[in-house]
Amino acid sequence: MKRQSSAGQHFIYGLSGLALGFSLSRIGFTNFGQVHGMFVFSHLRLLYTFAGAVGLTMAGFMIFARGQNIPSKPFHPGTIPGSILFGTGWALTGSCPAVAIVQLGEGQLAAAFTLLGILFGVWSYRQAHAQLFHWDRGACE
Amino acid sequence: MMNYWPWWAGSVALAAIAVGFWLLLRRPLGVSGSWSSIVGWREARALARSETPFRVNAAAMGDALLAATLAEFGEQATLQTLTAAGAGTPSPARAISPPTRAPWTVHLTFLVALLAGGFIASTLSGGFALRFDLGPAYIQLFGTGWHSWLLLMLGGTLVGFGTQMAGGCTSGHGLSGCSRLVPASLVATATFFATAVAVSFLAQVLAK
């Protein structure tokens, strides 16, 4: 683990957030029409972008992070049902966890409702997990 | 229509962010983890405080572990372990050091920066506009008004609950995981993408 000072972490997370928010907006990931078009295969641009990003990230890790031990998420009983719930929500809102915030920044005020839902969903999962599920999610908490 | 980046420029940007984030912080990029830290900020803060003494003084942690082992299993167990290990001096602290966690306020900075990034991008490209709907495609599928907002809240709840349950989202599983061919991430990404495709086609059929 690289030890960063608290201010350093704020700076790097802030810079990453700015870059990610800017990029998602300029890619069109925050446009419901574009995202829906990707899911019904009428606009393939976002699909290419994402596939290209996975490929380039793979190359980037191979070149710049060779031999480094990058933590991997474990498979557990919640992986598939959780993904089904997320996929349904993504189709209904056009939003993954980062996108709703970026949409709000673009002035798409309806995204505030998506955000309220996300907050409630995360909160209720934490309650449910503590009481019902006992698997290791491997999430970076 | 908005003039978005060509597809490859988006790929370059996302990959640079994912790889750069790892190189600078030695943590995989993942947005749903930030949500978890913010919603559970009380627990995150308590956990960070409880770990601080160990971080500051690793030797104290070693002593505490040794004391706990003695209390639990008796002196015999400790002696056996030490003899088996063949080491002259016990040094459990060296092997066990708690992983560094970003304080929850750092995740808050991240989410606020996402908002600012969207604002800057849309302002510079001339796309910034205050509006209460998500655009024509959304209206065509789900209509307008309070029931569409209710649907957004329901969908958002599924996104929040689902990503926590699955242990990641588009960034954590999709980008950071799939790019390293992590099995759980490949399964998760295939599942949430396929589900979104099915639900989108269903919504399109129902809206007609």
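Here the protein sequences come in this chain order: A and B. Here the first sequence stands for residues 802 to 942, numbered as in our numbering. Here the second sequence stands for residues 6 to 213, numbered as in our numbering. For glycine and all other residues, C-beta sits at the position ideal for the given N, C-alpha and C. Fair warning: this is a prediction, and the values are worked out from it, not measured in the lab.
Residue i versus residue j: straight-line alpha-carbon distance, rounded
i, j, result
"A126/B", "W10/B", "12 Å"
"N62/B", "V202/B", "52 Å"
"I101/B", "Q805/A", "The predicted position of I101/B is uncertain, since its pLDDT is 48 and thus under 50; no value can be drawn from it."
"G123/B", "G67/B", "47 Å"
"L75/B", "A65/B", "15 Å"
"A901/A", "A912/A", "5 Å"
"T894/A", "I813/A", "29 Å"
"L816/A", "V111/B", "11 Å"
"G173/B", "G35/B", "7 Å"
"H877/A", "G861/A", "28 Å"
"L857/A", "T880/A", "25 Å"
"R136/B", "Q932/A", "40 Å"
For residue i, the first and last residue of its enclosing alpha helix (DSSP H)
i, result
"F124/B", "109–129"
"S42/B", "36–44"
"T149/B", "Where T149/B is concerned, there is no enclosing alpha helix (DSSP H), given that its DSSP letter is neither H nor E."
"R846/A", "846–865"
"V24/B", "12–30"
"V900/A", "900–906"
"H930/A", "912–932"
"H178/B", "Run containing H178/B: none; DSSP gives neither H nor E here."
"P882/A", "880–894"
Minimum Cβ-Cβ distance from residue i to chain A less than 8 Å
i, result
"L30/B", "yes"
"T196/B", "yes"
"A53/B", "no"
"F206/B", "yes"
Any C-beta of chain B under 8 Å from that of residue i
i, result
"H837/A", "yes"
"Q909/A", "yes"
"Y926/A", "yes"
"G868/A", "no"
"L886/A", "yes"
Contacts of residue i in chain D (Cβ-Cβ under 8 Å)
i, result
"R185/B", "In the structure shown, chain D cannot be found, because the protein chains are A and B."
Residues from the stretch 156–171 of chain B in contact with chain A, defined by Cβ distance under 7 Å
Correct list: L156, L157, M158, L159, G160, G161, T162, L163, V164, G165, F166, G167, T168, Q169, M170, A171.
Listed from N- to C-terminal order along the chain, which residues in the stretch 128–144 of chain B have their beta-carbon within a distance smaller than 8 Å of any beta-carbon of chain A?
For the stretch 128–144 of chain B, which is checked against every Cβ of chain A, the residues closer than 8 Å are S130, G132, F133, A134, L135, R136, F137, D138, L139, G140, P141, A142, Y143.
The stretch 879–899 of chain A contacting the stretch 169–182 of chain B, beta-carbon criterion three pairs below 8 Å
Taking 8 Å as the limit for Cβ pairs, the verdict is that the stretch 169–182 of chain B does touch the stretch 879–899 of chain A.
Given a limit of 7 Å on CB to CB distance, which residues of the stretch 55–68 of chain B reach chain A?
From the stretch 55–68 of chain B, no residue has a Cβ closer than 7 Å to chain A.
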